[in-house]
Amino acid sequence: MRFVIEGGHGPDTPGKRTPDGSMREFHFNSAVARYVRDGLMQYEGVEVLFTHADDRDVPLKERTDKANAWKADAFVSIHANAFGNNWNEANGIETFVYTTRPAAAVKLAEAVQRALIRATGRRDRGVKAGDLHVLRETKMTAILIECGFMTNREEAELLKSDEYRRKCAATIVQAIAEVYGLKKAGSATTGTPIAGQSQATVEQAQEWARQKKATQAFIDLASVYWRVGAELGIRPEIGYTQAAKETGFGRFGGVVSRDFHNWCGLKTTKGGSNTDPLAHARFLNDEEGVRAHLQHLALYAGVEVKGEIVDPRHFPSVRGTAKTVESLGGKWAPAADYGKAITELLAGLLTTKVSTPPVDKSVEKVNIQINGIRIPAQGDLRNGVSVLPVGAVSEALGVTLEWVPETKQVRVNGKDLTATIEAGVAYAPARELAAALDLQVEWDGPTKTVLLKNQCVCINKKTGYRRDEKT
Ligand SMILES: [Zn+2]
């Protein structure tokens, strides 16, 4: 939804001030316009354009041409009223629509007028029709609000106060939001937060990119996003999916080419047209481009960036205005569903499965318990099979280990074991060793312990290892 919010007149427009010169109308108009813009930007899919300027009185034709070219949905002009040039009793609030009284404009004007009267308690002068340039020459719904009389002492004091300006602005915003059914942009509790820890791995991101036939450069870029994202406290997968959308998975093809190292279509500080390559930022390398991108996301998310700012558009006015991916729509990019498009990509990335190669578990140690007592020696878990040091286990049980050099065979209780020798220590699979020793064998996963138990109650006099009576 596109709204032109206009502060009427300019800073030096003749007349257009309180009789005592203590306030110029533009100061009220532009302040309220700014508050209205800030208020509207809290809603989903809203764009706001100013047609006034702080340094000149923009001619009326220029204002309406600009609004028409931008194809605004509504035009809201903000003014303070005057009756003559001297102090007098005229007072109250009124809102204008064009003389033909277009239904949509009347609806908006009535909502704004009613809300302002309720909020301020000023006199209701009603919705009026007027042949005013900005109402006549605009092609969209247009209203002009007169928020009180500069020529009335009481209202002049109100118009000068920041409190009254904010009150008018908040009321206008609320009325606009109601008429157009605007929804508050997602707070941190609804929607997909931009700030935070990554919820996907680099490998997942790369696999996702691969499946999407991304360029190799784009696939390689994942690790940069993940590293810088962790540093800034911004979820890298959001930057990465946005980069996928902006560059067509690294294929570029728009006005920004690969050599810009600009993965999110960031413009220069000066900005300019979407179709002008010179309006887009160039970065030294991908690292800097990614950093600028994630810094810009941090800005929207309201996350303070420490260290050097390489984002050319790190404007304070944007800070914290889009804390969720969904709310980027209408802010980062004009399309209201821009955020939704990214969340769809994100859902794909987050659900991408990575085929994990079998993990080499040879280094994993397992504990050994014999009849409830843990022995100092440890075994290994090799490809899911526990192997135990034959000598240590045999010794704990008072059993002699035999070594047959001819066959390089380890033998216990007269039974040959398929043992492997490592650093002079013979290891045999736990089950095989247990069978040779006539022990039961169990595996306790949580403590990674091989439990060896005697089949009968018997005590080894030499070591004292015995069956625990309670088990
Ligand atoms: Zn005015």
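Going by the working numbering, the first residue of the sequence shown is number 5, and it counts up by one from there. By construction, the Cβ of each residue, glycine as well, lies at the ideal position given by its N, Cα and C atoms.
According to DSSP, which residues form a beta bridge with residue i?
i, result
"Ser81", "Glu10, Leu148"
"Tyr47", "Lys188"
"Gln373", "Arg378, Leu455"
"Glu29", "Bridge partners of Glu29: none, in fact."
"Ala432", "Leu392"
"Arg415", "Glu406, Asp420"
"Phe383", "Position check: residue 383 holds Gly in this sequence, whereas Phe was assumed. Answer by DSSP bridge pairing, in chain order: Val370."
"Asp448", "Thr453"
"Phe100", "Lys132, Leu148"
"Phe287", "Beta-bridge pairing links Phe287 to no other residue."
"Gly333", "Ala337"
"Ala199", "Ile238"
"Glu426", "Val429"
"Val52", "Phe7"
"Phe153", "Asn85"
"Thr273", "For Thr273, which the question treats as bridged, DSSP gives no partner whatsoever."
"Arg21", "Arg28"
"Thr328", "Pro197"
On the criterion of 16 or more Cβ atoms from any shown chain inside 10 Å, does residue i qualify as buried, or is it exposed?
i, result
"Lys217", "exposed"
"Val131", "buried"
"Gln210", "buried"
"Gly19", "exposed"
"Glu473", "No answer about Glu473 holds up, because its pLDDT of 40 lies below 50 and its placement is not dependable."
"Glu159", "buried"
"Val389", "exposed"
"Ser359", "exposed"
"Arg105", "exposed"
"Val52", "buried"
"Phe319", "exposed"
"Arg38", "buried"
"Glu476", "Only positions 5 to 475 of the chain appear in this structure, which leaves residue 476 out of reach."
"Lys143", "exposed"
"Thr196", "buried"
"Ala192", "A caution first: Ala192 carries a pLDDT of 43, below 50, which makes its placement in the model too unreliable to give a value."
"Leu421", "buried"
"Leu282", "exposed"
"Ala213", "buried"
"Arg122", "exposed"
"Pro393", "buried"
"Lys365", "Low per-residue confidence applies at Lys365: pLDDT is 47, beneath 50, and the placement is therefore not dependable, though the value from the model is reported in the following sentence. By the neighbour-count rule (16 or more Cβ atoms within 10 Å), Lys365 is not buried but exposed."
"Arg60", "exposed"
"Thr475", "At Thr475 the pLDDT is 37, less than 50, meaning the model places this residue with poor confidence; the figure from the coordinates comes in the next sentence. Burial call: exposed."
"Ile9", "buried"
In the DSSP assignment, the beta strand (DSSP E) including residue i goes from what residue to what residue?
i, result
"Val454", "453-458"
"Tyr304", "Run containing Tyr304: none in the beta strand (DSSP E); it sits in the alpha helix (DSSP H), 290-305."
"Pro393", "389-393"
"Ala283", "That residue, Ala283, is in no beta strand (DSSP E); it is neither H nor E in DSSP."
Identify the continuous alpha helix (DSSP H) that holds residue i and give its terminal residues.
i, result
"Ile479", "As shown, the chain starts at 5 and ends at 475. That puts residue 479 outside it, with no answer to give."
"Ala109", "107-124"
"Glu241", "240-251"
"Asn72", "64-74"
"Thr356", "Unbroken run through Thr356: none, as it is neither H nor E."
"Arg317", "Counting along the chain, Arg317 falls outside any alpha helix (DSSP H), and DSSP gives it neither H nor E."
"Glu211", "206-215"
"Leu162", "157-164"
"Leu441", "Leu441 -> no alpha helix (DSSP H), and no H or E assigned at all."
"Arg127", "That residue, Arg127, is in no alpha helix (DSSP H); it is neither H nor E in DSSP."
"Val138", "137-140"
Exercise. Does the region 237-248 come within contact of the region 282-299, defined as at least 3 CB pairs closer than 8 Å?
Worked result: yes
For this session: Give a yes or no on contact between the region 273-287 and the region 375-382, applying the rule of three or more CB pairs nearer than 8 Å.
Result: With the rule of 3 Cβ pairs closer than 8 Å, the region 273-287 does not count as touching the region 375-382.
Exercise. Who's in the neighbourhood of ligand 1, going by beta-carbon under 5 Å from any heavy atom, listed in chain order?
Worked result: Look at which beta carbons fall closer than 5 Å to any heavy atom of ligand 1; those residues are Gly12, His83.
For this session: Indicate whether the contact test is met: 3 or more Cβ pairs, each with one atom in the region 62-79 and one in the region 197-211, closer than 8 Å.
Result: no
Exercise. How about the region 125-144 and the region 77-85: do they share at least three Cβ pairs that are nearer than 8 Å?
Worked result: The region 125-144, when compared against the region 77-85, does touch it at the 8 Å Cβ threshold.
Exercise. Okay, do the region 414-431 and the region 394-406 touch, 3+ Cβ pairs below 8 Å being the bar?
Worked result: yes
Problem set entry | Segment contact flag, the region 158-178 with the region 26-43, C-beta cutoff 8 Å, min 3 pairs | yes
Exercise. Okay, do the region 306-321 and the region 255-273 touch, 3+ Cβ pairs below 8 Å being the bar?
Worked result: Yes: at least three Cβ pairs fall under 8 Å.
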